[in-house]
Amino acid sequence: MTKPTAPIEFGGDTVRPRWVSPNITHNGDVLLRELTAICPTSTHISDLAEHARDWWPLAMRWALQSQVPQLPLVVVSPRNTDEVQRVMSVCATHDMPVTVTAGRSGVSGASVPVFGGVVLNINELQGVVSVDRHSGVIEVLAGTFGPDLEREATKSGLTVGHFPQSFDISTVGGWVACLGAGQFSTRYGKISDMVVGLEVVLADGSVIRTGGAPAAAHGPNVTAMFIGSEGTLGIITRVWLRAHDIAPVRRKAAYFFPTFTAGMLAMRGALRADATPAVLRLYDAVESQRSHGGDGTNSTLIVLDDGEQEIVDATLAVVDRYALAHGATRTTEERVDHWLAHRNDTSGLQALTKKGFVIDTMEVAAPWSQMAAVYSGVCDTVMAVNGARGVSAHVSHSYLDGACIYFTLVGTTSSREINEASTDEHQALYLAIWNAGQRAALAAGGNLSHHHGVGLNRGRFMREAMGEAFEVLVAMKRTLDPHDLLNPGKLGFPTQRGPVPFA
Ligand SMILES: Cc1cc2nc3c(=O)[nH]c(=O)nc-3n(C[C@H](O)[C@H](O)[C@H](O)COP(=O)(O)OP(=O)(O)OC[C@H]3O[C@@H](n4cnc5c(N)ncnc54)[C@H](O)[C@@H]3O)c2cc1C
Numbered sequence: 000m001t002k003p004t005a006p007i008e009f010g011g012d013t014v015r016p017r018w019v020s021p022n023i024t025h026n027g028d029v030l031l032r033e034l035t036a037i038c039p040t041s042t043h044i045s046d047l048a049e050h051a052r053d054w055w056p057l058a059m060r061w062a063l064q065s066q067v068p069q070l071p072l073v074v075v076s077p078r079n080t081d082e083v084q085r086v087m088s089v090c091a092t093h094d095m096p097v098t099v100t101a102g103r104s105g106v107s108g109a110s111v112p113v114f115g116g117v118v119l120n121i122n123e124l125q126g127v128v129s130v131d132r133h134s135g136v137i138e139v140l141a142g143t144f145g146p147d148l149e150r151e152a153t154k155s156g157l158t159v160g161h162f163p164q165s166f167d168i169s170t171v172g173g174w175v176a177c178l179g180a181g182q183f184s185t186r187y188g189k190i191s192d193m194v195v196g197l198e199v200v201l202a203d204g205s206v207i208r209t210g211g212a213p214a215a216a217h218g219p220n221v222t223a224m225f226i227g228s229e230g231t232l233g234i235i236t237r238v239w240l241r242a243h244d245i246a247p248v249r250r251k252a253a254y255f256f257p258t259f260t261a262g263m264l265a266m267r268g269a270l271r272a273d274a275t276p277a278v279l280r281l282y283d284a285v286e287s288q289r290s291h292g293g294d295g296t297n298s299t300l301i302v303l304d305d306g307e308q309e310i311v312d313a314t315l316a317v318v319d320r321y322a323l324a325h326g327a328t329r330t331t332e333e334r335v336d337h338w339l340a341h342r343n344d345t346s347g348l349q350a351l352t353k354k355g356f357v358i359d360t361m362e363v364a365a366p367w368s369q370m371a372a373v374y375s376g377v378c379d380t381v382m383a384v385n386g387a388r389g390v391s392a393h394v395s396h397s398y399l400d401g402a403c404i405y406f407t408l409v410g411t412t413s414s415r416e417i418n419e420a421s422t423d424e425h426q427a428l429y430l431a432i433w434n435a436g437q438r439a440a441l442a443a444g445g446n447l448s449h450h451h452g453v454g455l456n457r458g459r460f461m462r463e464a465m466g467e468a469f470e471v472l473v474a475m476k477r478t479l480d481p482h483d484l485l486n487p488g489k490l491g492f493p494t495q496r497g498p499v500p501f502a
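Following numbering that gives the first Met the number 0, the numbering of the sequence shown begins with 0 at its first residue and continues without gaps.
1. Starting from T357, follow the beta strand (DSSP E) in both directions and report where the run begins and ends.
2. Once you ignore the five residues that flank A435 on each side, which residues in its own chain have a CB closer than 6 Å to its CB?
3. Going by the C-beta, is E229 closer than 8 Å to any heavy atom of ligand 1?
4. How many Å lie between V99 and R329 at the Cα?
5. Write down every uninterrupted run of the beta strand (DSSP E) in the stretch 144-202 whose length is 3 residues or greater and which is fully enclosed by it, in chain order.
6. Measuring CA to CA, which of V221, G376, S421 is closest to L479?
7. State yes or no: is the C-beta of N456 within less than 9 Å of the C-beta of W55?
8. Examine ligand 1 and report whether any of its heavy atoms sits within less than 8 Å of the Cβ of T343.
9. Identify which residue in S107, V118, T231 has its Cα closest to the Cα of S76.
10. Would you list the residues sitting across from N120 in a DSSP beta bridge?
11. Among the residues of its own chain, which have a CB less than 6 Å from the CB of W338, if the five just before and after it don't count?
12. So, with DSSP's three-state summary, where would you put H451?
13. Only counting the same chain, and skipping five residues up and downstream in sequence, which positions put a Cβ closer than 6 Å to that of M87?
14. Going by beta carbon distance, what residues of the same chain come within less than 6 Å of E138, once the five residues before and after it are set aside?
15. For the pair the stretch 358-366 and the stretch 426-445, tell me if three or more CB-CB distances fall below 8 Å.
16. Rounded to whole angstroms, how far is the Cβ of Q64 from the Cβ of G10, which I believe are closer than 8 Å?
17. Run through the DSSP bridge pairs and tell me what G410 is partnered with.
18. What residue ranges within the stretch 15-103 form continuous beta strand (DSSP E) runs of no fewer than 3 residues, ordered along the chain?
19. Please report the residue range of the beta strand (DSSP E) in which A253 lies.
20. With C-beta atoms as the reference, is H243 less than 9 Å away from V159?
21. Let's test the definition: count the other Cβ atoms within 10 Å of the Cβ of M370 and tell me whether it reaches 16, buried, or not, exposed.
22. Quick check on the DSSP output: what are the complete alpha helix (DSSP H) runs of length 4 or more inside the stretch 260-332, in order along the chain?
23. Within the same chain, show all residues whose beta-carbon is closer than 7 Å to that of L148, passing over the 5 residues directly before and after it, in chain order.
24. Beta carbon of T411, beta carbon of V357: below 9 Å?
25. Going by other Cβ atoms of all chains shown within 10 Å of its Cβ, with 16 needed for buried, is I245 buried or exposed?
26. Could you pull out every residue in the same chain whose Cβ sits closer than 7 Å to the Cβ of V373, ignoring the five residues on either side in sequence?
27. Around the C-beta of L47, are 16 or more other C-beta atoms found within 10 angstroms, so that it is buried, or is it exposed?
28. Tell me whether the stretch 312-325 and the stretch 220-234 touch, counting them as touching only if at least three CB pairs, one residue from each stretch, are closer than 8 Å.
29. Does the beta-carbon of A202 have 16 or more other beta-carbons within 10 angstroms, so that it is buried, or is it exposed?
30. Could you tell me whether the Cβ atoms of L57 and Q349 are closer together than 9 Å?
31. Which two residues bound the contiguous alpha helix (DSSP H) that contains E8?
32. Output needed for A91: all residues of its chain with C-beta closer than 8 Å, excluding positions within five of it in sequence on either side, in chain order.
33. Would you check if the stretch 190-200 and the stretch 260-274 touch, i.e. whether three or more CB-CB distances between them fall below 8 Å?
34. Skipping 5 residues on each side, what residues in its chain have a beta carbon closer than 8 Å to that of A51?
35. Buried or exposed: where does I44 fall if 16 or more other Cβ atoms within 10 Å of its Cβ makes it buried?
36. Is W174 near ligand 1, with its Cβ less than 8 Å from a heavy atom?
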């Protein structure tokens, strides 16, 4: 059974919250007694601290000073849907905020319990429950990690095809809650394309089941309301996923392009011709040189497809034609093997964080017509921030009408020492780089997020990104969770529980 992996160790012996604890009025002893009667609970400081943070880079920096964003009162670990339901009912009675944590691999602070309260650890709900081999539908509990799901799927000759970089450290429920995308998404789609139905515990403790058929026309899609809701509308306990037969053939190819723009034009051409190789990733000059054999001026495209021989051959032939038409030269497919071998290695991120660098990634989606503008807009605007040291990007997931562009943003403060003053400076630069980068992406025609979600870090941009449509989400939140119990302070939702950091 896989478990969460902490992003970075704490820098000292005593862990303390960075934010002032909110004024939660409750009868703590009664609450703990009632919760402990339902399922395992913990108030041990090490459990509270680990469940108070995720892979949000700002929280990783704070960890170096033994700080977490906030501490919950208690971590509860229900073992089935019934226990989740009962925990939710008790918390509703005590007006106690409930934040679900799963793999805690989120990079936006989504699982941080902003107002303390109860953290509901979903990891005890693990395992594949059933496989409908004939239809290719897998029923799986929400706290199941990627490797455990695929291991079971493989036994039936199936794959879900969802392979995020965080595959080893994230869960099915977390993928759904964050509307994630795997590295093979150009063939298999985003998680939203894979979900057949959900079991969800609502804020009042009731349980609903959604979906269940390959397609439907009975009103707006209720399943979709919970996909991407980041724990704010309900607790996902069970997921039905559509799975593919394991592909018999894999082929790879790689190219150098004279420019990033030429590479994007070739990708667009292939996608517009309905060629959808599982992996199609284009690196700008900086990233090509750093990791993909580039000479500092050219861009690298790597291509990989899985499927039946005829489909894979045709797909790679179309990509090859568009690549050559846009000035590419073929390079060795070992570049794809190199990517496959290193694609989930995050040691560089931890090392740079420990050295005091401001570092994060920002992924946005844009129509093909705006991709070049988003790239140059973000690069130019971020580099104008005092302290910014580098911006690079790759195109990571492609669609008929556009793609995801994934930026790496780096900055340095005046001192690399880790102390309270330098951490404040670090935080200020981090926010300045994000404000510049995100607003430049929006101004150039990109969206707010392609797959990392909103969490805490991007809540302040929700209204400007969504306009009046955001009010529809607010209305949904008020209807489904009128007492604001579920993950308050996230997704930019207004809350009466107190001030939300960085809102
Ligand atoms: C190194 C690295 C690489 C990454 N690469 C990718 C990538 O390629 N693609 C991608 O999409 N993401 C990626 N991510 C981001 C992250 O892994 C995803 O957002 C993932 O889906 C989060 O899942 P989790 O189980 O870790 O959830 P958590 O981080 O524990 O929770 C995330 C949010 O979902 C909510 N939540 C979790 N489970 C449930 C549930 N059962 N019911 C209701 N709400 C729930 C939480 O309350 C929280 O708001 C990456 C992260 C890291 C650290």
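All residues carry an ideal CB built from backbone N, CA and C; glycine is no exception.
What you are looking at is a predicted structure, and each value in this text was computed from that prediction instead of being measured.
The short version:
1. What sits at residue 357 in the sequence shown is Val, not Thr. V357 -> beta strand (DSSP E) spans 357-366.
2. Closer than 6 Å at Cβ, skipping near neighbours: T380, V381, V384.
3. Relative to ligand 1, E229 has its C-beta within less than 8 Å of a heavy atom.
4. 47 Å
5. 194-200
6. V221
7. yes
8. The question names Thr, but residue 343 in the sequence shown is Asn. Yes, since a heavy atom of ligand 1 falls inside the 8 Å radius drawn around the Cβ of N343.
9. V118
10. T100
11. I301
12. coil
13. V200, G204
14. V128, S129, W239
15. yes
16. Rounded, the Cβ-Cβ distance is 5 Å, consistent with contact.
17. V357, A387
18. 73-75, 97-100
19. 248-256
20. yes
21. buried
22. 284-290, 308-324
23. Cβ-Cβ distances below 7 Å link L148 to V127, V139, V159, V171 in the same chain, with the five nearest sequence neighbours on each side left out; the list follows chain order.
24. Result yes, Cβ atoms of T411 and V357 sit closer than 9 Å.
25. exposed
26. V363, A365, I404, A440, A443, G444, G445
27. Counting C-beta atoms within 10 angstroms of its own C-beta, L47 has 16 or more neighbours from the protein chains shown and is therefore classed as buried.
28. Output reads no: the stretch 220-234 does not touch the stretch 312-325.
29. With 16 or more other Cβ atoms within 10 Å, it is buried.
30. no
31. No alpha helix (DSSP H) contains E8, which DSSP labels as neither H nor E.
32. A202, D203, G204, H482, L484
33. no
34. The residues P16, V67, P68, Q69, L70, P71, V111, P112, V118, in chain order, have a CB closer than 8 Å to that of A51 in the same chain once the five nearest residues on each side in sequence are set aside.
35. By the 10 Å Cβ count, I44 comes out exposed.
36. yes
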